[in-house]
Amino acid sequence: IRWYSVLIYFCSNIPMAASCVYKEAAFAQSTIHLLYLTQCVSLVQFAAAFVLLPLQMLPGFGSAHGMTPREVWTSVHDGGLCFLEVLPECGARHCLLLLITYTLVNFLFNTTGLWLTKHASA
């Protein structure tokens, strides 16, 4: 186990906790629709993923020795092809169905969490 991996995982809870506190305060001050807030959070997370994409070039993040910028974008491109099941090995594993199912379950989980925060907060 790499010590910095544990530290990064531990620190990943800080933004999540801050986000929950912010959402609880926002729900107390206004009436915002759950699906609207879920969509806003999803868009911010999507943008943050691209902002953090250069971290893949650091050794230990994307691979043991890091990746070049070209390898990072090739990996993103290949991931898109895999999602669309253009690559035979991805089609055989039903990647499109698995990713869409994961996305729906994650959406329901996050929306339910927001509902609980809105209706059961202190």
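In the working numbering, each residue's number is its place in the sequence shown (first place is 1) plus 2. Glycine included, C-beta positions come from ideal geometry on N, C-alpha and C.
Asked	Found
Neighbourhood of His-67 by C-beta, 6 Å cutoff - its chain only, sequence neighbours within 5 removed	Pro-61
N-terminal and C-terminal residue of the alpha helix (DSSP H) that Gly-82 is part of	71 to 85
DSSP-derived helix/strand/coil call for Ser-65	strand
Buried/exposed call for Cys-13, threshold 16 Cβ in 10 Å	exposed
Cβ-Cβ distance between Phe-48 and Leu-57 below 7 Å	no
Three-state class that DSSP yields for Leu-116 in the structure shown	helix
Alpha helix (DSSP H) segment containing Val-46, residue limits	36 to 53
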